[in-house]
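Since the structure comes first, as structure tokens, the remarks are kept for the end.
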Amino acid sequence: MPKRRRKRKRVGGGGRGKCLWCFSLLLNYNNRRRAGIGALNSKKSGDLLFHTKNNATMGPRKKSVKTCLMSSEIPEETISDETKDYMNQLSHEVLCHIFRYLPLQDIMCMECLSRKLKEAVTLYLRVVRVVDLCAGRWWEYMPSGFTDSSFLTLLKKMPDVEQLYGLHPRYLERRRVRGHEAFSIPGVLEALQACPNLVGVETSHLELVESIWTYMPHVHILGKFRNRNGAFPIPPENKLKIPIGAKIQTLHLVGVNVPEIPCIPMLRHLYMKWVRLTKPQPFKDFLCISLRTFVMRNCAGPTNSLKYVPLVTGLASARNLEHLEMVRVPFLGGLIQHVVEDSWRSGGFRNLHTIVLGACKNALEVDLGYLIITAARRLHEVRIQPSLTKDGVFSALKMAELEFPQFETLHLGYVDEFLLQSRMANADLVKYGLADVVENPGIITDIGMKAVNEVFSCIKYLAIYNCPHLHNPYNWISDHSRWTRLVDINLVRCHALKLDSFGQFIELLPSLEFISLDQMFREPPKGCARVGLSAGTGIGVSSALVSNQNSNNDNDNNAQNNNANIHDNNHHLPDDSDEENDFRQDLQPGEQQFAADALNEMEDMVQEDGEVVAESGSDTPAYSQAVIPVDVDEEQAGPSGLQRVVKPTPITVHDSESDDEEDSLELQEVWIPKNGARRYCEREEKTGDSVQSRELSEVAKTKPRHAMKRKRTADKSTSTSDPVIEDDHVQVLVLKSKNLVGVTMTNCGITDLVLKDCPKMMFIHATRCRVLKHLKVENAPIVNRFDYAQCKKLNMDQVLDQILRMPPERNRIIYLRPMQQVDTLTLEQKLFSGPYPYHICIIHEFSNPPNVRNKVRIRNWMDTIANINQELIKYEFFPEATRSEEDLKKYPKYPWGREIYTLEGVVDGAPYSMISDFPWLRSLRAAEPNSFARYDFEDDEESTIYAPRRKGQLSADICMETIGEEISEMRQMKKGVFQRVVAIFIHYCDVNGEPVEDDYI
0 MPKRRRKRKR VGGGGRGKCL WCFSLLLNYN NRRRAGIGAL NSKKSGDLLF
50 HTKNNATMGP RKKSVKTCLM SSEIPEETIS DETKDYMNQL SHEVLCHIFR
100 YLPLQDIMCM ECLSRKLKEA VTLYLRVVRV VDLCAGRWWE YMPSGFTDSS
150 FLTLLKKMPD VEQLYGLHPR YLERRRVRGH EAFSIPGVLE ALQACPNLVG
200 VETSHLELVE SIWTYMPHVH ILGKFRNRNG AFPIPPENKL KIPIGAKIQT
250 LHLVGVNVPE IPCIPMLRHL YMKWVRLTKP QPFKDFLCIS LRTFVMRNCA
300 GPTNSLKYVP LVTGLASARN LEHLEMVRVP FLGGLIQHVV EDSWRSGGFR
350 NLHTIVLGAC KNALEVDLGY LIITAARRLH EVRIQPSLTK DGVFSALKMA
400 ELEFPQFETL HLGYVDEFLL QSRMANADLV KYGLADVVEN PGIITDIGMK
450 AVNEVFSCIK YLAIYNCPHL HNPYNWISDH SRWTRLVDIN LVRCHALKLD
500 SFGQFIELLP SLEFISLDQM FREPPKGCAR VGLSAGTGIG VSSALVSNQN
550 SNNDNDNNAQ NNNANIHDNN HHLPDDSDEE NDFRQDLQPG EQQFAADALN
600 EMEDMVQEDG EVVAESGSDT PAYSQAVIPV DVDEEQAGPS GLQRVVKPTP
650 ITVHDSESDD EEDSLELQEV WIPKNGARRY CEREEKTGDS VQSRELSEVA
700 KTKPRHAMKR KRTADKSTST SDPVIEDDHV QVLVLKSKNL VGVTMTNCGI
750 TDLVLKDCPK MMFIHATRCR VLKHLKVENA PIVNRFDYAQ CKKLNMDQVL
800 DQILRMPPER NRIIYLRPMQ QVDTLTLEQK LFSGPYPYHI CIIHEFSNPP
850 NVRNKVRIRN WMDTIANINQ ELIKYEFFPE ATRSEEDLKK YPKYPWGREI
900 YTLEGVVDGA PYSMISDFPW LRSLRAAEPN SFARYDFEDD EESTIYAPRR
950 KGQLSADICM ETIGEEISEM RQMKKGVFQR VVAIFIHYCD VNGEPVEDDY
1000 I
């Protein structure tokens, strides 16, 4: 006995390291047993015969039979360790300690391996107090296959269990069926009641948690209760009745019908999204004194604002409330102000660090202001709905002369993502019980933005959505508003912002690191320059053109029809209305009529890049709309006569811009009286497809004069009657910032991006920027990631040349998703033959829908290749390759002085092709896995180009040991290598001109 005690102390007293060592032994043994490997019992013909006891039952170890040596003498010390039975040397206590680190499912599997393991498992279950059926993965479901009887048997083995986590059944029957084995709610309750010491259960099942509250009210609901079948519209079968005093701390409800929210003293976090409150007074008894988080988003509750008074007063009684978020909650205007006045002395709303108000139609500025002032000491973040995004809010806060020492994040014009992404109209949302709210854009101006930083001097993160009255960001800076701590700025749909002023603003921000632009700096419609309009804002009409207008106003008769068309356009493109309204307000009365006519004509003829897509009541063939230039010497309108007009028809322009494609066009010209004259032209595309279109304003019907054929010119068409071809409006974004790390652009009208002086810039992301064409890098030495996705007019050759001409100070990865056909042979020839001091890898990916696996994995190994090269050059005196003019003259033909090879394969059913001169990659890819190999991820070498972790090639040193022979061969051949590499990943899913939907971009 003393000897056994010493042994147990030695094994168990080593702490966590000893346990993990034993744990690894246990797993190795388990794997061998599953593979059918017991004690060695085999015969080796002619040489060696071993006769050992087969320990399949893992009973007490018996003395093994002596070995019979047939031809040679082999000592026992050389026998493999696999013949030794380590598990029987461990005590039950040590095994139980090891079980603490294993999932319950694996522990139960060990019951059938041996008698001793079964005893250890039984002993472990008898004393265990905390059990997790999902092994810590709360988002997953518990193991399938349980029935009422098996679940009861399992819990009876655990009489001391106190906390049961992971009770997330995929499906539960509502009631038992006699003679049918199933997993039901009554069966689960019976099993839980068999645990006398049970304190809490974690679950996500609505009916199960309601049953636990009903029949086991003493049991706590552990963790965060999140129902998993939430949706909108709210499913009628999702119901939950919350009892008074329910023992729960966190309640997340999504898409659930709830009668009311009662008094729950223990509740700390309440999250409600798409919840229908069915009682007329759902907040009558609301009182949660321990509440710290309250979120109510897009819930269907009472429409009477007075019925939300108990809600706000109940929130004021929660003295520890930290997060308050109300979206589409129609509480009474001014209610928060009065509640704050009554409760702030006793601590109401004083501990708030996050305030979110969105689409609350009755909310007033004083409600928001009182909340901000009361919570000034701890406030971190504020998100303000558009109706409250005004200058007056921040002017009043400035007059209060408060300090916000912890404030960091401000979101102006906040609109909930559900309202942005939902395709339902407001009427549909109201039909499903949501409050009737129509949001208008925020009306904050540059003066208000200057006050923002004077109030929140420590602001770090600024987001602005749809504020059309912001013009000059440079004016946001003053002596008391320097924005010195601003780190991240996110601008969305602020169309009137001036590009040059924005660049000057960025240059003056000392701490700025990230810029995000979405639907910014839109390209003006074609023809703006001809009529004196600025870039899409409707400002700057030429006075000369206005003065030359005929006093008769020839376009009066068409105003009604065109206004109707504008209204229809705004229904499909709501972001246009704000600019047009501002435009009309800023002009003088004499200018408004001309500008309206010009803008109407432009909107009718060309939408963005000449595309108009709308609906009509009947099926009509697909057409293409663009303005065809008319010869200058054609007959023009005179003071007393008639003028020639081109009859419009419903038209749509496709994205394809192939120069080889010709369209059959019909130009229909008619004569109408001058007072109703407006010249149009149409292009009719002869296709067999059928699309929906809308009718333009009607003109008199006469016979066509003639027809002609022309090539597609949608992107160069003009929206006026002048015979002019207009190119894209040049808009250059110049970035100069000492600390800027990255810029993200989505749906922006920028044509050129210039990195003037960005020493810390690391990435550029551009998505769906239709007219983005060029990149110029003057000083951005460490930028290493470039993503250009669905940029229709991107000049790939210029962008790649600009990136590859940068000094080789970093490895660089370039991700491209072109929307036009790519000449891969010409592209590869330009890159491999150019003066670029990098090893180059070009990957052609053909998956559709797009698969990002290769794109993500390439970052794991391209740096390893470069690290090997740097080690060889720095420490092994390996020759470094160069690409000077002499080198280019020396290798004028393929392979241009490079070792070029091709790899091909299939990833998830889609082919890929890679052409590269990366050294070492083929050898590393073909090498056998080493002792460092890891298999804890789903990818293997067959599902991606190269998986270094599965090979165990985790560092440059390990890789160099693997490719030692190849290194020696290259050293003897005196072939040099580059220190840096460039990977160019081209995805071809969009080359037909139609963008493919992709959540990853």
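Counted from 1, the sequence shown has number 236 at position 237 by numbering that gives the first Met the number 0; the numbering is strictly sequential.
For each residue, glycine too, the CB sits at the ideal point set by N, CA and C.
Asked	Found
Proximity winner among 967, 860 and 217, relative to residue 878 (alpha-carbon distances)	967
For residue 256: DSSP bridge partner residues	238 and 275
Residue 801, DSSP secondary structure in three states	helix
Close-in-space but distant-in-sequence residues of the same chain around residue 393 (CB under 6 Å, 5 per side omitted)	447, 450, 451 and 454
C-alpha distance - residue 662 paired with residue 920, whole-angstrom precision	Its pLDDT being 40, under 50, residue 662 is placed unreliably in this model, and the value from its coordinates should be taken loosely. For residue 662 and residue 920, the distance between alpha carbons rounds to 49 Å.
Where residue 731 falls: helix, strand or coil (DSSP)	strand
Contact the stretch 973 to 988 vs the stretch 807 to 822: 3+ CB pairs below 8 Å	yes
C-alpha distance - residue 268 paired with residue 318, whole-angstrom precision	13 Å
Which residues DSSP lists as bridging residue 268, in chain order	249 and 292
Which residues DSSP lists as bridging residue 162, in chain order	129 and 199
Segment limits, beta strand (DSSP E) that includes residue 894	First-last for residue 894: undefined, no H or E at that position.
Separation of residue 944 from residue 357, as counted between CA atoms	46 Å
Beta-carbon proximity of residue 748 to residue 522, cut-off 8 Å	yes
Residue 411 vs residue 375 beta-carbon contact at 8 Å	no
Helix, strand or coil at residue 980 [DSSP, three-state]	strand
Closest Cα partner of residue 482 within the set 743, 932 and 458	458
CB-CB length for residue 191 against residue 215, believed under 8 Å	6 Å
Length of the line joining the Cα atoms of residue 305 and residue 338	13 Å
Buried versus exposed call for residue 415 [16 or more other C-beta atoms within 10 Å across all chains shown]	buried
Proximity below 8 Å, CB of residue 239 to CB of residue 210	no
Selected residue, minimal CA-CA separation from residue 217, among 243, 227 and 234	243
The stretch 143 to 150 touching the stretch 108 to 118, judged by at least three CB pairs closer than 8 Å	no
Euclidean distance between Cα positions of residue 445 and residue 377	27 Å
Local Cβ density within 10 Å of residue 295, reported as buried at 16 or more and exposed below that	buried
Local Cβ density within 10 Å of residue 950, reported as buried at 16 or more and exposed below that	buried
Of the listed residues 286, 986, 369 and 880, nearest to residue 788 (C-alpha basis)	986
Residue 859, enclosing alpha helix (DSSP H) - first and last residue	852 to 874
Contact check, residue 262 vs residue 286, beta carbons under 8 Å	yes
Cβ-based burial, residue 179 [other Cβ within 10 Å; buried from 16]	exposed
Distance between residue 899 and residue 823 (C-alpha atoms, nearest Å)	15 Å
Extent of the continuous alpha helix (DSSP H) to which residue 315 belongs	308 to 315
Alpha-carbon to alpha-carbon, residue 744 and residue 792	15 Å
Whole-angstrom distance between residue 301 and residue 398, CA atom to CA atom	37 Å
Residue from 260, 272, 928 and 127 whose Cα sits closest to the Cα of residue 283	260
Cβ neighbour criterion (16 or more within 10 Å) applied to residue 960	exposed
Spatially closest choice to residue 1002 from 94, 417, 381 and 198, by CA coordinates	Residue coverage of the chain in this structure runs from 0 to 1000, which leaves residue 1002 outside it and unanswerable.
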